[in-house]
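Chains as they are written, first to last, in our numbering: chain Z, 14 to 323; chain G, 436 to 714; chain C, 32 to 356.
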């Protein structure tokens, strides 16, 4: 008995609409594809447009700023005011460089411990407090930096009677850096795989020891990356320090002295009547941008390298 | 067509039996290979898909079934580094090198995916006719008719006809998958590709969709990838068995009617697979 | 991690209930964390409270003037904030429109058009754009763009038919204007918008893209009819965040907007914004004026916090949409 049954040739159910649909779609196909090509090209154009300002900016920075910083004494001399006899005597920006370092250092001391601890707490706790703090941190991170200046003015300069000083500026910057460090620390700690923590607990270690000895060391890379980025942001900020540091013209480490900062000196001199000062700001800006770029890029590179090492 | 599952002991076919008469081929594959960045994923497949039949691609995972399927509607165009060689003909036209655009090809060869994926921002109605809309059909009468017809073909019309404007995400998994089938059918394609369409569904939903296929093949030619060989035995007319070779590239071991593949296949590896010895 | 902190996207992994398991022994570690949290909360509350408290004298007597008055008379008042509000609106909205249009095209390109090996480079580029300090943008705007505006753009714009109403005939000495501020702002908020919108667009499931292509859609149709609608909520969130950033920009606007407290709508006239006005006026301010400036600060805070919170709410709603797919 043959097992192969004749294959049926089943009747095709009618395809009445097919022709109409195919006709319409054939007609518009060319137009659709043209539109797609145009829009896609426009999107690619948008991408180029985004890149343009960066390159224009960098070009100007280097073109105008490089000669300035190569000038002897730029980094080491204190600023001078040009006069009619010496229109090019601008001096250097050592006070601003030192000022920025001082401000950032004190701000980091204030912000890092608290920020990291809060970040760790947020990553390890489910409580309502943690949830609220998270929202607070995210909101504060986006807050206009001028408000930090107002806060520092009212609290440090006035209420604490400290006056215009480095510590006031550092306080403002610390308030700025704090939420950023909190957020990035939380991300870093959350990035540690739970299996690590569970392994530690399974071995009988107490929860807090697990956190300290196992989880935190694993999160260190991420935490440090976040700190570097926060510092990078703080160095470039003008508004928080503008109102409270006083713009000192001497080199000083003392927290209670007025101090200058790189962004501040740019702000002060940008609208100067002296062309030499207006040129000098390009050098200061170049230093600032290079510094910030180096920090950002190193943070990125370090983070990705540690990621690969895992 | 008799779908009885007979063991190879009971049925022995004489070699001199003439091959069955086949109808016209909906698609033809000739020496089709797919590689990614030079590494071959599936190699040298040659067989014909007969119209108005269900052809299943079966084999263990990694054998290249899905890769082969996705070559049939040129989905690999999306993947950088993907290369499809050989000839794939749709009603005689080479889909890669012939006089047919990719967009046109995809209106004639539809696809249903493993996980139900209705467009989340569209209603049931809008999902069903989305293909028509993409292709420029605007007349409401056509759209309405297509929606009703395709939803009926997908056995979904009765349960959704009163809530067409409701978001598609309100449907159950099985219903969503039938909506995706309707969506593909609305274009009235000649071929419907199905990539493990029931693997993410519960048994009842699976059964419903399998029942659908017998009706579906009257309208379209169905090519289905399935890792469930009982399913293949239940629903398909023809079977292509693929297996991963030593070089980790899948290849076609055997292609024949489902009855032959499951009852007395030519290649011993096919027999091993259908008896459940591996995979 | 980047210098742009995008709203929370990741799913929070199951937290090992350290502090919630009711362990009787609270370690010093636990107390330390709580202490730090209290400090953080105190600083944040102090931040809001201090500015609010300092501004109360002005709010209690002169709310109307602050919100609706036109002139700012130092040192005794009246202090009218309308010019700042108008200026902030004009510059931010224009900047936003420009940044969203260009930024959307950019994100779409990055996700769909750029080959995988270049994606890292582009991402770095966007990050660098975001890392540039505002003062440098302001400097560039003032010393490079302003003269260009003065010599090339302004004369051109003033020749257009509706110039008088929209632009006003500007005879500004430096080329600073609200329009220039809007341009500089758009460059500054672009990376913020691109970073978030790129993230939102790239998590639209590949499934949906393949499904629409399989129906015969063109590339653009896939983007416009499937990807963008699916990502819509998140994109709106990105817009709000970019707007928040724009309203808060201080020194860049201070350098290029012209710093004049005129309430007017002409784009080529100089103007000011809330944040930049605070920055420029605070140095010389005394008593009442300080309170008035603090009041402007409160306004700024409300706007910024409001936009920020709405934005993050939208982005988390977006996550829920994707969870259904």
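We treat Cβ as the ideally placed atom computed from N, Cα and C, and that holds for glycine.
Remember, it's a predicted structure, so these values are computed and weren't measured experimentally.
Taking 8 angstroms as the threshold (beta carbon to beta carbon), is residue 36 of chain Z in contact with chain C?
Residue-level contact by beta carbon fails for residue 36 of chain Z and chain C, as no gap is shorter than 8 angstroms.
Between which two residues does the beta strand (DSSP E) carrying residue 205 of chain C extend?
DSSP places residue 205 of chain C outside any beta strand (DSSP E), giving it a letter other than H or E.
Per the contact definition of three or more C-beta pairs closer than 8 angstroms, is the stretch 227 to 238 of chain C in contact with the stretch 256 to 272 of chain C?
Yes, they touch.
May I ask which residues mark the beginning and end of the alpha helix (DSSP H) holding residue 692 of chain G?
Residue 692 of chain G -> not in any alpha helix (DSSP H); beta strand (DSSP E) instead, spanning 685 to 692.
Specify, as a first and last residue, the run of the beta strand (DSSP E) that residue 104 of chain C falls within.
Neither: residue 104 of chain C is in no beta strand (DSSP E) and is coded neither H nor E.
Leaving out five residues on either side along the sequence, give the residues of the same chain with a beta carbon under 7 angstroms from the beta carbon of residue 701 of chain G.
Sequence-distant Cβ neighbours of residue 701 of chain G in its own chain, meaning closer than 7 angstroms and more than five residues away, are 689.
Spatial neighbours of residue 342 of chain C in its chain, beta-carbon cut-off 7 angstroms, leaving aside the 5 residues before and after:
Excluding sequence neighbours, residue 342 of chain C sits near 38, 268, 271, 272, 275.
Using a beta-carbon distance below 8 angstroms, is residue 242 of chain C in contact with chain G?
Residue 242 of chain C counts as touching chain G.
Under 8 angstroms between C-beta atoms of residue 204 of chain Z and residue 232 of chain Z
Taking 8 angstroms as the cut-off, the beta carbon of residue 204 of chain Z is found closer than this to the beta carbon of residue 232 of chain Z.
Would you verify that the beta carbon of residue 632 of chain G is, or is not, closer than 8 angstroms to some beta carbon of chain C?
It does not: the Cβ of residue 632 of chain G has no partner Cβ on chain C nearer than 8 angstroms.
Please report the residue range of the alpha helix (DSSP H) in which residue 272 of chain C lies.
Segment 259 to 279, the alpha helix (DSSP H) holding residue 272 of chain C.
When the cut-off is 8 angstroms and only beta carbons count, does residue 315 of chain Z lie next to chain C?
No, its Cβ sits nowhere closer than 8 angstroms to a Cβ of chain C.
Quick one: list the residues of chain G neighbouring residue 252 of chain C, beta-carbon separation under 7 angstroms, in chain order.
By Cβ distance, chain G contributes 569.
Let me make sure I understand the geometry here. Which of G:485, G:493, G:486 has the alpha-carbon closest to that of residue 686 of chain G?
Looking at G:485, G:493, G:486, the one whose alpha-carbon comes closest to that of residue 686 of chain G is G:493.
Given that residue 572 of chain G touches chain D, what residues does it touch there, using C-beta distances under 8 angstroms?
Going by chain labels, chain D is absent from the structure shown, which instead holds the protein chains Z, G and C.
Do you know how far the Cα of residue 550 of chain G is from the Cα of residue 247 of chain C?
Their Cα atoms are separated by approximately 20 angstroms.
So, does the CB of residue 578 of chain G fall closer than 8 angstroms to a CB anywhere in chain C?
It does not; no Cβ of chain C falls within 8 angstroms.
Do residue 56 of chain Z and residue 132 of chain C have their CB atoms nearer than 8 angstroms?
Not in contact: residue 56 of chain Z and residue 132 of chain C (Cβ atoms no closer than 8 angstroms).
Measure the C-alpha to C-alpha separation of residue 221 of chain Z and residue 496 of chain G and round it to an integer number of angstroms.
The alpha-carbon separation between residue 221 of chain Z and residue 496 of chain G amounts to approximately 45 angstroms.
Can a CB atom of chain Z be found closer than 8 angstroms to the CB of residue 581 of chain G?
The beta-carbon of residue 581 of chain G is placed less than 8 angstroms from the nearest beta-carbon of chain Z.
Which residues, in chain order, does the stretch 229 to 246 of chain Z contribute to contact with chain G at a C-beta distance below 8 angstroms?
For the stretch 229 to 246 of chain Z, which is checked against every Cβ of chain G, not one residue is closer than 8 angstroms.
Mapping the DSSP letters down to three states, classify residue 92 of chain Z as helix, strand or coil.
Residue 92 of chain Z falls in the strand class under three-state DSSP.
Could you tell me whether the stretch 248 to 267 of chain Z touches the stretch 180 to 196 of chain Z, where touching means 3 or more Cβ pairs closer than 8 angstroms?
Because the criterion of three Cβ pairs below 8 angstroms is met, the stretch 248 to 267 of chain Z and the stretch 180 to 196 of chain Z touch.
In angstroms with no decimal places, state the Cα-to-Cα distance between residue 61 of chain Z and residue 129 of chain C.
Their backbone Cα atoms lie some 15 angstroms apart in a straight line.
What did DSSP end up calling residue 305 of chain C once you bin it into helix, strand or coil?
Correct three-state label for residue 305 of chain C: helix.
Selection from C:221, C:80, C:110, C:85 that minimises the alpha carbon distance to residue 292 of chain C
By alpha-carbon distance to residue 292 of chain C, the top candidate from C:221, C:80, C:110, C:85 is C:110.
Just to confirm, are residue 211 of chain C and residue 279 of chain Z a CB contact at a threshold of 8 angstroms?
Their beta carbons are not under 8 angstroms apart, which means residue 211 of chain C does not touch residue 279 of chain Z by this criterion.
Return the CA-CA distance between residue 132 of chain Z and residue 315 of chain Z, expressed in angstroms with no decimal places.
Computed Cα separation, rounded: 20 angstroms.
Burial state of residue 62 of chain C, where buried means 16 or more other Cβ atoms lie within 10 Å
That one is exposed.
With DSSP collapsed to three states, give me the class of residue 182 of chain Z.
Correct three-state label for residue 182 of chain Z: helix.
Which one of G:519, G:471, G:579 has the shortest CA to CA distance from residue 30 of chain Z?
Comparing C-alpha distances from residue 30 of chain Z to each of G:519, G:471, G:579 shows the shortest one belongs to G:579.
Can you give the Cα-Cα distance for residue 347 of chain Z and residue 295 of chain Z, rounded to whole angstroms?
Shown here, chain Z extends from 14 to 323; a query on residue 347 of chain Z therefore has no answer.
Return the Cβ separation of residue 284 of chain C and residue 306 of chain C in integer angstroms, given the expectation that the two are a contact with Cβ distance under 8 angstroms.
The Cβ separation is near 7 angstroms, so the contact holds.
Sorry if obvious, but does the Cβ on residue 621 of chain G come closer than 7 angstroms to a heavy atom of the ligand SAH?
This structure does not include the ligand SAH; it has no bound ligands of any sort.
CA nearest to the CA of residue 591 of chain G, picked from G:643, G:671, G:523, G:677:
Ranked by Cα distance from residue 591 of chain G, the options G:643, G:671, G:523, G:677 are led by G:643.
Using three-state DSSP, classify residue 527 of chain G as helix, strand or coil.
DSSP, read as helix, strand or coil, puts residue 527 of chain G in coil.
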